[in-house]
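K.L.:
I'd like to ask you about the structure that follows.
Protein chains: 2
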Amino acid sequence: MAGTDRTKHQDRVPGAPGPAVILVAPQLGENVGTAARAMVNFGLTDLRLVRPRDGWPNAYALTAASGALEHIGRVRLYDRTEDAIADLTRVYATTARRRDIVKPTVTPRAAMAETQAVEAAGGRVGILFGGERSGLNNDDVTLAQAVLTVPVNQAFASLNLAQAVVLVGYEYFQHTHNAQTDDDTGRGSAPMPQGGFAPAAEVLGFFEHLESELDAHNFLYPPEKRPAMVRNIRNLFQRAGLTLQEVRTLRGIVSALVRPPRKQRRGLPPEGDSG
Amino acid sequence: MAGTDRTKHQDRVPGAPGPAVILVAPQLGENVGTAARAMVNFGLTDLRLVRPRDGWPNAYALTAASGALEHIGRVRLYDRTEDAIADLTRVYATTARRRDIVKPTVTPRAAMAETQAVEAAGGRVGILFGGERSGLNNDDVTLAQAVLTVPVNQAFASLNLAQAVVLVGYEYFQHTHNAQTDDDTGRGSAPMPQGGFAPAAEVLGFFEHLESELDAHNFLYPPEKRPAMVRNIRNLFQRAGLTLQEVRTLRGIVSALVRPPRKQRRGLPPEGDSG
C-alpha cells in the first residue's frame, strides 16, 4: 500500500488543520512515530505529547515515522493534559471499552462528523490517546466531553495506537473529502451550538472556580472522597457540551450564590435595585 | 487500546463469515501475523495466503498475531490467486493508487456496503492484498470485479498491510453491527446511566431550588430577561441527561454555596469537623 507522490500538494481542507492528536504518557518512541505516520496519511498535522516516557525528540520515533514528522512540523510538548487541550473546544477521550462514566460514547465516524461541524463553526477538536499499557486515567477522561471507542470484536480487541489513529484519520478524511469519496450513509452530523463549544481552558476555569468555592463551603469532604466527587461533578457538566456563554453563566451563578442574599426571605423576587 | 474479554462470544454476524482476506505473495511472516490480528479485531476469520515467501506456518507470524490465529483456525494456502478466489462471488483488488485499468474504484466503506448486500444474497466476498514491495500485479487486479482504494493524503501515502486490513474490517463491522453502534447523531448517543435518568419531578425540583436561590441572590435580573435566563440554564442541565444521584449532588452544591463559608481563606481544605 506504500506510495508517496511528492509532486502533489498536501491534501488538506483549506483552513481546517484537522483534529489534534494528543498522546498522553506514550511509552515507546516507535509508537509515537507510527502514530505520526498514521496521522499524515490522512493529512493530520497537529501532534501533541504529554509526558512522553522516552523524551522528545526521539530517534526511534523519527525512524518509525518514515518522514511523517517533516509534514507535522513542530510537535508540542506538555507536562499536563489540561495545558495540551487548553485551546481546544471539543475533546474526545479514546478508550478501549466503555467505562463507568456517564458520557456520550461515539464511534470514530460520529466523532469526525462532529469534528467537521465544530471546525466549520470555528472551533478546534482534539483526541486524547492513552499510553500503551493502561490507556487514559479517569482524570484525563474527565477532561473530555465525549468518549471515542472503536467498535470491535469483543472476543478479541487488540487495536494498537497507530491503528486507532488510522481509523480517526480515515474518518476525518472521509468527512472532509465527501466530494471525492462515496458515502453511503448521508446521515447528518451533530447539532452545533451557536458560537460553538467553549475552549477547554474556560471550562477548566469554571471547574476550578466551582471547586474552590465548594472547598471553602466544606462540600468536597471528606478528603479521600474529594477526587471522585470532583470527577463526577466535572463529568456531569462535560456531558452538556458547554458553550462559552454557558460557562460564563455558570461562573456567574457560583459567584451569585456565594454572595450574601439580598433578602432574608428567600424565594421572593428581588426589588428594583440591581446594585 | 488492547483488551480482550474472553467471556464474550465471537462477535460475528450469524451465517456471514465476512469477506475473505487474501494475501498474494506476502513477504514477511510478521506482516501476515499483524494482518491476521487486524482481521480478528473485527471478527474476520477467513485468511488465505498465495505463495507466502517465508512459508507457512511461520513463527514470526504466530508471534505477531498475538493469539489471533487461534480465532482464525485453518489458514488456506494456494499457489495461484485464481484458486484462492474460486469460491468467491465478488472480489476486490486493493491498490494504493488508481491504475490504468477500467474498473470501478471503491472505498472500503462502499466495498463493505456491497459486501453486506452480496452476503445477504448468499454470496461470498474476498479482498486481494498484494505483497509489501510492489502490491498486486496487473493479472491479479484483473481477477477482481472492482478496485479497492483507501482515500489518503496523496502527498504522504504509506499505509501498511495491517492498516489497510484494519480499515476493511472496521467498515465491515460498522455495516454489520449497525444496531449496536451509535451513528452520526452524535450528542444524542449518551449511554443509559446506571439506575437510569432522574425522574422529571426531581430535575424540576432542582431547577426550582436553584432558581429560588438565584432570585434571592439577584442573579435572574432584570425581570424581563428572567424567562430567557431560566430557559438557558435549564437547557444546559437538561442536555447533560442527569441521573438522580447527580440531581442530589447539584442540590447539595446549591445548598453548600449559599451557606456562609467555613473558612475565611477559601480554597484551603476544611478542618476535621464535618458538621
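First to last, the protein sequences are chains C and D.
Each residue of the first sequence is one higher than the one before, counting from -17 in the working numbering.
Each residue of the second sequence is one higher than the one before, counting from -17 in the working numbering.
Note that CB positions come from ideal geometry on N, CA and C, so glycine has one too.
Could you check what DSSP says for Tyr74 of chain D in three-state terms: helix, strand or coil?
P.N.:
Strand.
K.L.:
Which of the residues in the segment 183 to 199 of chain D, read from start to end, lie with their CB under 7 Å from any CB of chain C?
P.N.:
Here the close residues are Ser194, Glu195, Leu196, Asp197, Ala198 and His199.
K.L.:
At a CB distance below 8 Å, what residues from the segment 33 to 44 of chain D approach chain C? Give them in sequence order.
P.N.:
Listed by position along the chain: nothing, the set is empty.
K.L.:
Check Ala128 of chain D in the structure and name its three-state DSSP category.
P.N.:
Residue state, collapsed to three classes: strand.
K.L.:
Can you give me the C-alpha to C-alpha distance between Arg33 of chain C and Pro8 of chain C, rounded to a whole angstrom?
P.N.:
Rounded to whole angstroms, Arg33 of chain C to Pro8 of chain C spans 7 Å at the Cα level.
K.L.:
Tell me whether Lys207 of chain C is buried or exposed, calling it buried when 16 or more other Cβ atoms sit within 10 Å of its Cβ.
P.N.:
Lys207 of chain C should be labelled exposed.
K.L.:
Under three-state DSSP, which class holds Ile67 of chain C?
P.N.:
In this structure, Ile67 of chain C counts as coil in the three-state DSSP scheme.
K.L.:
Which residue's Cα is closest to the Cα of Gln220 of chain D: D:Ser194, D:Ala238, D:Ala198 and D:Phe188?
P.N.:
Closest option to Gln220 of chain D, Cα to Cα, is D:Phe188.
K.L.:
Let me make sure I understand the geometry here. Which of C:Leu5, C:Val22, C:Gly11 and C:Val240 has the alpha-carbon closest to that of Pro(-1) of chain C?
P.N.:
Cα-wise, what sits closest to Pro(-1) of chain C is C:Val22.
K.L.:
Where does Phe201 of chain C fall in DSSP's three states?
P.N.:
It is coil, neither helix nor strand.
K.L.:
With distances taken between CB atoms, is the gap from Thr27 of chain C to Gly55 of chain C smaller than 8 Å?
P.N.:
Yes.
K.L.:
Return the residues of the segment 91 to 110 of chain C that lie within a Cβ-Cβ distance of less than 7 Å from chain D, sorted by chain order.
P.N.:
Going along the segment 91 to 110 of chain C in chain order, one finds Arg91, Ala92, Ala95 and Glu96 with a Cβ nearer than 7 Å to chain D.
K.L.:
Look up Arg58 of chain D in the DSSP assignment and give the residues it is bridged to.
P.N.:
Answer is D:Arg30.
K.L.:
Classify Leu186 of chain D as buried or exposed, calling it buried when 16 or more other Cβ atoms lie within 10 Å of its own Cβ.
P.N.:
Result: exposed.
K.L.:
Mind checking who Ala144 of chain D pairs with in its DSSP beta bridge?
P.N.:
None; Ala144 of chain D has no bridge partner.
K.L.:
In three-state DSSP terms, what is Gly234 of chain D?
P.N.:
In this structure, Gly234 of chain D counts as helix in the three-state DSSP scheme.
K.L.:
Looking at Leu130 of chain C: is its Cβ nearer than 8 Å to the Cβ of Ala95 of chain C?
P.N.:
In this structure, Ala95 of chain C does not lie closer than 8 Å to Leu130 of chain C by Cβ.
K.L.:
Indicate whether at least one CB of chain C lies closer than 8 Å to the CB of Arg19 of chain D.
P.N.:
It does: the Cβ of Arg19 of chain D has a partner Cβ on chain C nearer than 8 Å.
K.L.:
Using a Cβ-Cβ cutoff of less than 6 Å, which residues in the same chain neighbour Leu192 of chain C once the five nearest sequence positions on both sides are dropped?
P.N.:
Hits under 6 Å: Val236.
K.L.:
Cutting at 7 Å between CB atoms, please list the residues of its own chain near Leu59 of chain D, excluding the five before and the five after it.
P.N.:
Leu31 and Trp38.
K.L.:
Could you name the residues of chain A that Glu228 of chain D contacts, counting a contact when the two beta carbons are closer than 7 Å?
P.N.:
The displayed structure is made up of protein chains C and D, and chain A is not among them.
K.L.:
Does the beta carbon of Ile54 of chain C sit closer than 8 Å to a beta carbon anywhere in chain D?
P.N.:
Taking Cβ atoms only, chain D never reaches closer than 8 Å to Ile54 of chain C, which makes this a no.
K.L.:
Do you know offhand how far Val148 of chain D's Cα is from Gln227 of chain D's?
P.N.:
Taking the straight line joining both Cα atoms gives about 40 Å.
K.L.:
Locate the beta strand (DSSP E) running through Phe138 of chain D, then write down its first and last residues.
P.N.:
Careful: Phe138 of chain D lies outside any beta strand (DSSP E) and carries neither H nor E.
K.L.:
Mind pulling the chain D residues with CB within less than 7 Å of Thr231 of chain C?
P.N.:
Simply Asn214 and Ile215.
K.L.:
Note down, in chain order, every chain D residue with its Cβ under 8 Å from the Cβ of Leu155 of chain C.
P.N.:
Per the sequence shown, the amino acid found at residue 155 of chain C is Phe instead of Leu. Result: Pro133, Val134 and Asn135.
K.L.:
Helix, strand or coil: how does DSSP classify Ala7 of chain C here?
P.N.:
In this structure, Ala7 of chain C counts as coil in the three-state DSSP scheme.
K.L.:
Under the three-state reduction of DSSP, which class applies to Gly112 of chain C: helix, strand or coil?
P.N.:
Three-state result, Gly112 of chain C: coil.
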